[in-house]
Structure formats: structure tokens, C-alpha cells
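Protein chains: 2
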Amino acid sequence: MTDSLARELACIDCGTVHPLGYRLECEKCRGLLELRYDLDVLRARGPALLAGGGLWRYAPVLPIADPAHRVTLGEGGTPLLDCPRLSKVLGVRSLAVKFEGANPTGTVKDRSSATGVAAALQFGFTATSVVSSGNAGSSIAAYSARAGLRSLIFAYARASAPKLLHMAATTADLVLYEGVYDDLITHWDRLVESRLFFDCGASRNAYKHEGKKTIGYEIAEQSGWRPPDVVVAPVAVGETFIAAARGFREMRDAGWIPRVPRMVAAQATRANAISRAFRSGRPLEPLKIGYTVAEGLAAGNPGRKGEWVLRLLRDGRGAAGDAEDEQILEAQRTLARTEGIWAGPTGVATLAVLGKMLAAKELDPAQSYCAIVSETGLKTEAAPPSRAATAFDFDSLERLVEQRLARA
Amino acid sequence: MTDSLARELACIDCGTVHPLGYRLECEKCRGLLELRYDLDVLRARGPALLAGGGLWRYAPVLPIADPAHRVTLGEGGTPLLDCPRLSKVLGVRSLAVKFEGANPTGTVKDRSSATGVAAALQFGFTATSVVSSGNAGSSIAAYSARAGLRSLIFAYARASAPKLLHMAATTADLVLYEGVYDDLITHWDRLVESRLFFDCGASRNAYKHEGKKTIGYEIAEQSGWRPPDVVVAPVAVGETFIAAARGFREMRDAGWIPRVPRMVAAQATRANAISRAFRSGRPLEPLKIGYTVAEGLAAGNPGRKGEWVLRLLRDGRGAAGDAEDEQILEAQRTLARTEGIWAGPTGVATLAVLGKMLAAKELDPAQSYCAIVSETGLKTEAAPPSRAATAFDFDSLERLVEQRLARA
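Going line by line, the protein sequences match chains E and P.
Using our numbering, you'd call the opening residue of the first sequence number 1 and step up by one each time.
Using our numbering, you'd call the opening residue of the second sequence number 1001 and step up by one each time.
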């Protein structure tokens, strides 16, 4: 078993360094925190540090110290599939798909669920929680079950049926919210402060976020430590994008890879706050959004992580784009028919954006590309689950949480 | 790239040896054929022969000579998950789940689709075909697309909606059959004789069958070449069971493992022809069957592969059992809640049977067990696909095949 080289938490805004521990923001400025590792050891030992397969192969660059806490359902080690037929359709020299639908619950979220739930164990929590449109909910529920922890999953009542079914199967505590989704998140953030449960949300927890960094490490290692010129990552609040970019920078700083790939942020046009801000050069403005087929990208207000994405894009000569729902559905069909890969609309938004930006000559077809396809196509449509509790405001939510924890 | 050590096809009934080639049965007695490998090389080189990851790591014991034909979507390399909580529920010392839902299309079928479609390339075919209740259809369609081949997928009109959706996404040629399912298979067998397409069915093709052997190799390698005492495998016509058993025997004969695990055949009670024959000691009799939640196990007439399963069970001191639909659904819930693994009813039949046989003291709780869980839970329920052709008898089927191949 390999040791974790995590050494500290650093504020991404003011740079203040904090010791390792369960802490959601900077004590000084309330900024977001990121984990830092012992770069000297990474540099000296190189990839020979890595051992075993799947996500925990990268344990040295993950923040879980005790191997007994490293919960697993076999996540990570997903295929990086060279796609010659799709490359031809898009008119690009070389394109590989990193297919995250191969993870245990069918999404990239399993990477962050593994480190999130492992961190809940590490810090002595007995329950986890997340607000989710579906993928995160079933993933956190599954990993919590695997670790023997309770999970409290809050889902929007209009979440798609197969995702509701999956959540209902993996948690004993699914709560459907019938009010406004943004209100639910605000209410839930308040619940986090009370420390009734471990924060498995996407907005602040650096430990949970960290698991997704392994997608960058895998892309690099599967490319013989010479990653493709450009990596296209989906952006809702930006977890996957930020984590992948951080992974590439860490590897470059440690001398594992010669240079970092250029990062492209892909959004749905119906939820394009970050792409819009980046392309216009203006500050990030929250959007009131409606439905998009890319359910996992439906974030109107990406908050502080959105700002972080913009900073990474601007510092790293990145690019951003967005695609209409029809383009996303077309990309889904094209990927299935040309390469046999069946991914969900949330997953193929990167390919839709890539195709659009290539057609508009915003990207160079002579470069090599990797598109992160974040979810399986198997979560599309189904009948609603039969069992669930409902809530409609903060008080009813809190009651439910307390009742359910009391029942444990 | 590693060479294939396949050397010949041997009849499992009369022992006649045939050279490698596309041949569906013994020339002499019409018996089923199995592939044989160069055991001397396997014995001399040992597991050091293996290289790379996923299914094609086992290329030396697969029958595809040219690496260019080895089509892949990242199948194989699925997790073998130790399940301490579930072990406690079932009252058994040690239980690991081999989770095949992690394959690219969510089922164990991806293993045989990989070698089936690779063999279609190897023998110069431009189209593949299969009759399917869902899993095999979308899997063959996906691998065919990946290889640039046409696929003709014949499905029963009453197949479950998410499976129909998945098939419709991955093939341009989905044919829904509205007559009697057994008639469809008889019709289709006649089409195979005409060699319009490569046979990707489960009944005869040794090349297609062979990919599933890798599940045995993986279980052994993931157990440090000391496989568990007992392996529980699902049985419809018996592909997975036979392939796993053959893999274990091959490894024992080559000296890679000290002994073969005891094999338990798991069926749904509503389609239990093999379990019934084995337990009563009587010959295999086809059953008229109705619906079972374990859709992938709904085979009333397992045919010659069913006889092969019985022979393996009788020769190898195996065991067999079956579980009612309610027990299967209960096993599905228990697996999700205790270990976070979301599998389909077809997938968890092995666990339901294991639980039932342990409770009846037909199996020893002090032994170590591995249950093959053959499919993800993500294929449960959905709305029907919008597009598909229909057929109702042999002539209309044949017309459709010809029309569609002509359109290629």
C-alpha cells in the first residue's frame, strides 16, 4: 500500500496554508482550498510511485492516509479509446474518448465519490449527503453503502426517472424536493454547517473534489506520459475541469509530463455562464436556466468554482464553448453509430462542443484531442421509483434529516 | 502484441480435430466445437505471457491471430469486489462479486462480443447478427459499429424498453419480431446457414463464445492465481458457465492454478431446465417458459450447450440451483444496500441462488465464494425507442435482411 503525499490545504485566493483536516474554506478569506502534495518526493520517485490498478493506483496524490479508508467499487482505470471513425467525421487528425461511463455507477462522479466517502471515514463521520440531479446522488449513495455509512440524498423531484430509480436503490434516504432547485442548494448548504453529515457536494469540499484529479493522471499515463495537445472537459460548476487541469499541472511540476494540454471547457448553451463570460471577456454572471438534455450540466450559478475555471482558462490559454441540445443529441447518435460508444447527453456535450468549435475554425484540426465523456447512455429514460420522501422547504428538509438520522 | 496460441478446433462429442477456421459444428457428428491452445507454451511461459490490460491481456488464450482484428471498447478488467457486509447477511465466510456491469455496454456479453466481432473481421465478414432479449443485441451492435461492420439485431418486440433503446442507438438495423420468440431463433438459424452475416449467437460459434473465458482468467489472476473454492455462474444456455469452467481447466492443465473451483450453475426458477435436470439426475427436457425478471436467463430450451453444462457439472462435482423472481429482486435490493453495487435481476440471480443454497445447507459456509454478477442495474425500465422495423415470419425477416444489406 502506498502512502499519501498530501501535506497541506492552500487557499486558492490568498494563498494561506492550513494543516490537513476537514475544512471547507480558508479561515482568513473564506476562499476555496486545494490540496498540496510533497512535490520533492513526486519528482524524485516519478511514476514508479504508483502501484495497483484503478483510482487508488494514484493514492500518493490523493488525500487519504489510511489504506483502510480507501473505499472502492472498482472506479477508475476507464478506457481511453482512440476513435478513428469519429475523428474523420469531425475532420480532426486524432481524437480519443476517455469513457467515464465505465465507472461503477456509470459516471465520472465515482472518482470524487471514492475520495469523498473515504474522507468521511477519515474524519469520523457516519453519514454523507449531496444534492443531485441524479448522477452524484446514486454515486454517493453507492459508495456510502459500500463504506457502511448512511447517505442522505436530496434530489429535485423532476430528475429523470432512471436516475431516481438508481438513487432509490442505493440509499435508504432519498428526499425529493418539490420547490425551486436553487433554493434546495441554499437550504442544504445551511445543513452542511451543522455538521450533521459529511459534505459530498461539488461546491467546496477539496477532499471530495480530489478524486477527479485521477482522470488527468490516467489520460497522461495511458498516453505514455505524453498527453494529447488538447483535452475537452465538461463544465457544470467545474469539478471535472478543475481537477483534470490541476492533475496535469501537478504532473508537469513534478516532471512526469513535458507540458500541460490545452484545456477546453464544454457547456450546454442552455447553461453557459462560464463559456459566455470567457468568450466575452466579462465577469461571470449567474443565469436563470431552464431544462437542458445535458442534465448534469444544468448549473446556472457555478459560484466560486466557476471563477476558478475562468482563472484556469485565462492563465492557461484555454478555450470554452457550448452546444445546443439538438447538437448534443446529434453527437450522442454519432458517437454510438461510429464508435459503438453509448453515452448520455451530459457525457457527449464535450464532443458536440468540439465539433462545433472545429467547424467554426476555433480549434486546430492538426492537433491531437481527448474528449472526456462523463456518463454512460444507460441512464436515459425510465419509470419513476416507487418509494421516496418529499420535502418543500428548509424546515421540512431538516425534519427529514433529523428523523432519518435518528432512525439509524 | 502477444501471439494467439490457438491451434485447433475439437469436437466436444466425438473428439475429431479440425483446423482453425469459421466452422460452427463438427463435420463428422455435428457436435459443438471448442478451441484448443498450445498447452506446452502455456505451461513453459506461465502468466508472464500476459501483457497489457482488459480482455486482450489474455490474447494468447484467445483465437484472434492478427492484433489489428482485436476490436475493443475497454471490456474486461472488471472489479472482483470482496463483499464483507453481504457475506455476513448470507452467513458465509468469504464472498467476492465479479461485477460485469462495469463492461462497456454493462454486461458480461461484451467479452464474447469482442472475440465474436474480431472473428468476423478475421474471417472477412462485413456484417454480424444476433437474436437477443436485449443485452447481447446492444453489445454486438456496439462492437460491430466499433469495427466498422454492419449489424443486424433481431429482438423480441416485448424486450424491455431500456434495452430496446440501447439497441436502437447502436445499430442502424434493429428488427423487432412480433411472433413467438422460439420461432424467431429457428428462423434465424436458417439465415446463419446462408452466410449472409457472421453468427454472433450463443448457440454454436466457438470464436464468439471464447471471449467469455477471460472471466475465469481474471478471477484467477485477481485472486493471485488461487481462485476461490466455489464460483457461481449464471446459466441461460450456458455460455458464461461453460467458458469460465473451460478457462479454469485450461489454467489448471497449464499449471497456472493448483485446482479448479467448484462450479455452481444458477438459474431462474421460471427457466430452470438445467438445474431441474441436474438435481433430479434426469435428462435435459426443454420447458415452455413465461416471463422472468431475469430476462437474460429466459431460455426454455438450452439445447446442446445445456447438455454441455450438465456434463461439466457431473464431471466436476458441481452444483445447480434456481431462484424465484421475488428472491432475485430481494437479492438485487440487498446487494445495492449492503455493498453499493447496482446490478440487474439477470445479474444477481447468482446471489439469490447462492443465498438459497446456503440457507438449505446445500453449500458449505466455510468455503470461499465468487459470484459472477453479469449485468448493471442501469438497464431496468424505460420508454420504448421510437424507431424500428418489424417482422412476423421467416419471409418478412429474410426480406428485411436482404433489403438492409442491399442498402449498405
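Ideal Cβ positions, reconstructed from N, Cα and C, are used throughout, including at glycine.
Asked	Found
Inter-residue Cα distance where the pair is PRO1047 (chain P) and SER1113 (chain P)	24 angstroms
Contacting positions in the stretch 130-143 of chain E - beta carbon closer than 8 angstroms to chain P	SER138, ALA141, ALA142, TYR143
Unbroken alpha helix (DSSP H) run spanning PRO84 (chain E), endpoints	84-90
GLY1321 (chain P) - containing beta strand (DSSP E), residue span	1319-1323
Residue-level contact to chain P via CB, GLU375 (chain E), 7 angstroms cutoff	no
Cβ of ALA336 (chain E) within 7 angstroms of any chain P Cβ	yes
Best match in E:LEU80, E:ILE185, E:ALA102, E:GLU330 for proximity to PRO228 (chain E) [C-alpha to C-alpha]	E:LEU80
Rounded C-alpha distance that separates ALA1366 (chain P) from CYS1200 (chain P)	40 angstroms
Enclosing alpha helix (DSSP H) for ALA119 (chain E) [first to last residue]	109-122
Cutoff 7 angstroms; reference SER1004 (chain P); Cβ partners in own chain excluding five residues on either side	ALA1059, PRO1060, LEU1062, PRO1063, ILE1064, ALA1065
Bridge partner(s) assigned by DSSP for HIS1166 (chain P)	Answer is none; HIS1166 (chain P) lacks a bridge partner.
Any C-beta of chain E under 7 angstroms from that of ALA1102 (chain P)	yes
Range covered by the beta strand (DSSP E) that runs through GLN267 (chain E)	262-268
Beta carbon proximity, GLU1339 (chain P) to chain E, threshold 7 angstroms	yes
CB contact below 7 angstroms: PRO227 (chain E) versus chain P	no
Cβ-based burial, CYS1026 (chain P) [other Cβ within 10 Å; buried from 16]	buried
Rounded separation between SER1386 (chain P) and LYS1163 (chain P) - CA only	The predicted position of SER1386 (chain P) is uncertain, since its pLDDT is 31 and thus under 50; no value can be drawn from it.
Neighbourhood of ALA1383 (chain P) by C-beta distance below 6 angstroms, restricted to the same chain and skipping five residues each side	Confidence in ALA1383 (chain P) is poor, its pLDDT being 35 and thus under 50, which makes the residue's placement unreliable; the coordinate value appears in the next sentence. Around ALA1383 (chain P): ALA1161.
C-alpha distance - ARG1259 (chain P) paired with THR1115 (chain P), whole-angstrom precision	27 angstroms
Beta-carbon proximity of ALA119 (chain E) to TYR207 (chain E), cut-off 7 angstroms	yes
According to DSSP, residues forming a beta bridge with LEU95 (chain E)	E:TYR369
Residue nearest to GLU1362 (chain P) in terms of C-alpha spacing, selected from P:ARG1043, P:ALA1268, P:GLY1318, P:GLY1238	P:GLY1318
Inter-residue CB distance, ALA1096 (chain P) and CYS1083 (chain P) (contact presumed, cutoff 8 angstroms)	6 angstroms
Where the alpha helix (DSSP H) through SER138 (chain E) begins and ends	135-147
Distance between GLU326 (chain E) and ALA336 (chain E) (C-alpha atoms, nearest Å)	16 angstroms
7 angstroms Cβ cutoff, TRP56 (chain E) in contact with chain P	no
Helix, strand or coil at TYR207 (chain E) according to DSSP, with G and I counted as helix	helix
Distance CB(VAL1232 (chain P))-CB(ALA1277 (chain P)) smaller than 7 angstroms	no
LEU20 (chain E) (DSSP reduced to helix, strand or coil)	coil
Interface residues of the stretch 62-76 of chain E facing chain P [CB-CB below 8 angstroms]	THR72, LEU73, GLY74
Cβ-Cβ separation, GLY76 (chain E) to THR214 (chain E) (assumed contact under 8 angstroms), whole Å	6 angstroms
Whole-angstrom C-beta distance between TRP1056 (chain P) and THR1078 (chain P), which should lie under 8 angstroms	About 14 angstroms separates the two Cβ atoms, so there is no contact after all.
The alpha helix (DSSP H) enclosing THR214 (chain E), as first and last residue numbers	214-222
Contact set for HIS1018 (chain P): own chain, Cβ-Cβ below 8 angstroms, skip 5 residues either direction	GLU1008, LEU1009, ALA1010, CYS1011, CYS1026, GLU1027, LEU1033
Segment contact, 8 angstroms Cβ cut-off, at least three pairs: the stretch 1370-1379 of chain P with the stretch 1097-1104 of chain P	yes
DSSP-derived helix/strand/coil call for THR128 (chain E)	strand
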